[in-house]
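Going line by line, the protein sequences match chains A and B.
Its first residue numbered 321, the first sequence is counted upward by one per residue in the working numbering.
Its first residue numbered 321, the second sequence is counted upward by one per residue in the working numbering.
This report refers to the structure that appears directly beneath it.
Protein chains: 2
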Amino acid sequence: MSAVKERRERERAQRHQLIISAARELAEAEGWEAVTTRRLAERVEYSQPVLYSHFNGKDAIVRAVAIDGFGELAVQLRQARLANPEPRQALPAVCRAYLAFATERPALYQAMFVMPTDVKFAHAETPPQLRAGFDEFVGCFPPDTPGRELLAEVVWSALHGIATLSRSGRVPLDSQEERLDLLVSRFASRSDRD
Amino acid sequence: MSAVKERRERERAQRHQLIISAARELAEAEGWEAVTTRRLAERVEYSQPVLYSHFNGKDAIVRAVAIDGFGELAVQLRQARLANPEPRQALPAVCRAYLAFATERPALYQAMFVMPTDVKFAHAETPPQLRAGFDEFVGCFPPDTPGRELLAEVVWSALHGIATLSRSGRVPLDSQEERLDLLVSRFASRSDRD
DNA sequence: CAGAATGTCTAGCGTTGCTAGGATCACAAC
DNA sequence: GTTGTGATCCTAGCAACGCTAGACATTCTG
Numbered sequence: 321m322s323a324v325k326e327r328r329e330r331e332r333a334q335r336h337q338l339i340i341s342a343a344r345e346l347a348e349a350e351g352w353e354a355v356t357t358r359r360l361a362e363r364v365e366y367s368q369p370v371l372y373s374h375f376n377g378k379d380a381i382v383r384a385v386a387i388d389g390f391g392e393l394a395v396q397l398r399q400a401r402l403a404n405p406e407p408r409q410a411l412p413a414v415c416r417a418y419l420a421f422a423t424e425r426p427a428l429y430q431a432m433f434v435m436p437t438d439v440k441f442a443h444a445e446t447p448p449q450l451r452a453g454f455d456e457f458v459g460c461f462p463p464d465t466p467g468r469e470l471l472a473e474v475v476w477s478a479l480h481g482i483a484t485l486s487r488s489g490r491v492p493l494d495s496q497e498e499r500l501d502l503l504v505s506r507f508a509s510r511s512d513r514d
Numbered sequence: 321m322s323a324v325k326e327r328r329e330r331e332r333a334q335r336h337q338l339i340i341s342a343a344r345e346l347a348e349a350e351g352w353e354a355v356t357t358r359r360l361a362e363r364v365e366y367s368q369p370v371l372y373s374h375f376n377g378k379d380a381i382v383r384a385v386a387i388d389g390f391g392e393l394a395v396q397l398r399q400a401r402l403a404n405p406e407p408r409q410a411l412p413a414v415c416r417a418y419l420a421f422a423t424e425r426p427a428l429y430q431a432m433f434v435m436p437t438d439v440k441f442a443h444a445e446t447p448p449q450l451r452a453g454f455d456e457f458v459g460c461f462p463p464d465t466p467g468r469e470l471l472a473e474v475v476w477s478a479l480h481g482i483a484t485l486s487r488s489g490r491v492p493l494d495s496q497e498e499r500l501d502l503l504v505s506r507f508a509s510r511s512d513r514d
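In structure tokens:
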């Protein structure tokens with residue numbers, strides 16, 4: 321009886337993940353407005369109500385996709401930082417990786433940072449993946465830098481602004497690289513600027 | 321017969337504006353998700369189809385509200401800049417005014433910069449109100465500053481990032497002022513920094 | 001093998017954006 | 001003053017949305 325229960329829970333967990341990745345694939349292929357509970361149910365080859373046995377509603381599914389995304393973003397940022405150990409190059413590399421993530425996975429990024437959410441960010445119950453991503457920015461500044469957390473917040477915010485405005489065509493895409501250089505140059509550690 | 325036609329067009333224009341302001345008021349009072357064509361129609365005391373005789377759809381109404389907003393934002397930024405003629409204080413004042421606008425009129429701001437749109441920004445057919453707002457940022461830098469347009473873009477983007485992330489609770493609200501100070505200090509004209 | 005529990009689906013509710021069709025009104029011409 | 005014409009507006013309805021109740025089937029338990 322225990323084995324049966326275990327198998328069921330395993331299957332259930334698999335299906336849980338299947339729903340998340342199906343939602344994500346659908347969103348990345350056709351945008352979030354194409355992700356309806358009906359289409360999603362059809363995609364995972366179950367009826368609509370099973371979605372609601374896994375998630376409290378559509379928003380919860382989006383949230384799950386977003387949390388998945390936080391993990392991936394953290395990995396990308398970490399790789400970028402570790403590949404450039406010198407602090408002078410760490411910040412540009414991480415920023416570049418961030419913008420690359422945002423432009424290459426627009427739907428995922430939107431779920432993470434644009435769509436309404438109740439995920440708490442700078443908070444006790446912040447998903448650890450998100451905190452990890454943030455820490456990669458913090459780590460671009462020397463430990464003795466005063467207010468490096470605030471610095472990281474502002475850099476993150478600026479990148480987010482660049483990402484979303486260029487994504488929606490509100491700022492030209494072609495000068496993306498120049499904007500990034502400018503931003504980095506202004507926020508590089510004071511000790512090694514100019 | 322001409323007088324009649326003129327009166328009708330006048331009435332029609334009034335109603336056009338009435339729809340826009342009703343949509344805006346409703347959004348500011350209860351958020352955009354509460355702005356449905358039915359509620360909006362009821363609010364302007366007409367039936368749904370008249371909305372569609374004025375606008376191509378709900379998106380077009382949102383767009384009209386957004387363009388209204390661009391005009392107001394430009395006025396606010398201009399006031400802030402003119403009230404602080406010294407270049408050293410112009411940038412902080414304009415940035416502060418921008419963030420104030422975003423936090424005080426969140427629904428309006430959302431229509432302008434977050435909701436999907438096909439308004440072209442850095443483009444020939446950019447609404448002049450938007451260009452005017454952007455120029456206020458440009459005007460915070462001395463005319464001989466190299467790449468001041470790019471500078472203005474990045475500052476704008478950073479402010480947008482701060483505004484949206486704090487709006488959705490993705491960044492703590494209470495250190496808003498510090499973030500702004502930090503941003504401004506990094507982007508103040510090189511000639512008068514430190 | 002009967003009964004309980006679990007899992008899944010069909011069907012449907014209320015709401016959304018949007019539109020087709022007919023009713024109603026004001027005006028123009030005779 | 002009456003009748004035709006055109007614009008104006010509303011009722012009613014469509015398809016799709018998120019979500020849920022209740023029936024059916026399947027599986028495990030005693």
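By construction, the Cβ of each residue, glycine as well, lies at the ideal position given by its N, Cα and C atoms.
Query, Result
"8 Å Cβ cutoff, residue 422 of chain B in contact with chain A", "no"
"For residue 327 of chain A, the three-state DSSP class (helix, strand or coil)", "helix"
"Per-residue DSSP class, three states only, for residue 392 of chain A", "helix"
"Beta-carbon contacts of residue 279 of chain A that lie in its chain and below 8 Å, excluding the five residues immediately before and after", "There is simply no residue 279 of chain A to check, as chain A begins at 321 and stops at 514 in what is shown."
"Minimum Cβ-Cβ distance from residue 390 of chain B to chain A less than 8 Å", "no"
"Spatial distance of residue 468 of chain A from residue 483 of chain B (CA atoms)", "20 Å"
"Test: residue 448 of chain B CB closer than 8 Å to a CB of chain A", "no"
"Beta-carbon neighbours of residue 498 of chain A, restricted to chain B and to distances below 7 Å", "470"
"Nearest-angstrom Cα separation, counted from residue 498 of chain B out to residue 463 of chain A", "20 Å"
"Cβ distance (whole Å) where residue 460 of chain B is taken to contact residue 407 of chain B below 8 Å", "7 Å"
"Residue from A/473, A/506, A/374 whose Cα sits closest to the Cα of residue 329 of chain A", "A/374"
"Residue 337 of chain B classed as buried or exposed, judged by whether at least 16 other C-beta atoms fall within 10 angstroms", "exposed"
"Inter-residue Cα distance where the pair is residue 391 of chain A and residue 440 of chain A", "15 Å"
"Cβ-based burial, residue 412 of chain B [other Cβ within 10 Å; buried from 16]", "buried"
"Simplified DSSP state of residue 447 of chain B, which is helix, strand or coil", "coil"
"Nearest residue (CA-CA) to residue 424 of chain B, options B/451, B/396, B/403", "B/396"
"Residue-chain proximity (residue 346 of chain A, chain B), Cβ-Cβ < 8 Å", "no"
"Enclosing alpha helix (DSSP H) for residue 490 of chain A [first to last residue]", "Residue 490 of chain A -> no alpha helix (DSSP H), and no H or E assigned at all."
"Contact belief for residue 470 of chain B with residue 480 of chain A at Cβ below 8 Å, rounded distance in angstroms", "Not a contact, Cβ separation roughly 18 Å."
"Residue 432 of chain B, DSSP secondary structure in three states", "helix"
"Residues from the segment 364–385 of chain B in contact with chain A, defined by Cβ distance under 9 Å", "none"
"Beta-carbon proximity list for residue 419 of chain A, same chain, < 8 Å, skipping 5 on both sides", "479, 482, 483, 496, 500"
"Expected contact under 8 Å - CB spacing of residue 342 of chain A and residue 360 of chain A to nearest Å", "6 Å"
"Contact set between residue 503 of chain B and chain A, taken where Cβ atoms lie within less than 8 Å", "474, 478"
"Close beta carbons around residue 452 of chain A, own chain, < 7 Å, minus the five adjacent residues each side", "394"
"Rounded separation between residue 447 of chain B and residue 367 of chain B - CA only", "30 Å"
"Closest by C-alpha distance to residue 426 of chain B, when choosing among B/356, B/348, B/494", "B/348"
"Completely contained alpha helix (DSSP H) runs for the segment 349–413 of chain A, where each covers 4 or more residues", "357–364, 368–374, 378–403"
"Collapsed DSSP secondary structure at residue 505 of chain B in the structure displayed", "helix"
"Interface partners of residue 482 of chain B on chain A, CB under 9 Å", "473, 474, 477, 478, 480, 481"
"Exposed unless 16 or more other CB atoms sit within 10 angstroms - verdict on residue 456 of chain A", "buried"
"Residue 341 of chain B - DSSP class collapsed to helix/strand/coil", "helix"
"Status (buried if at least 16 other CB within 10 Å, exposed otherwise) for residue 362 of chain B", "exposed"
"Per-residue burial, residue 529 of chain B [other beta carbons within 10 Å of its own, 16 or more giving buried]", "Here chain B comprises residues numbered 321 to 514, so residue 529 of chain B is not present and cannot be evaluated."
"CB of residue 436 of chain B within 8 Å of CB of residue 488 of chain A, strictly", "yes"
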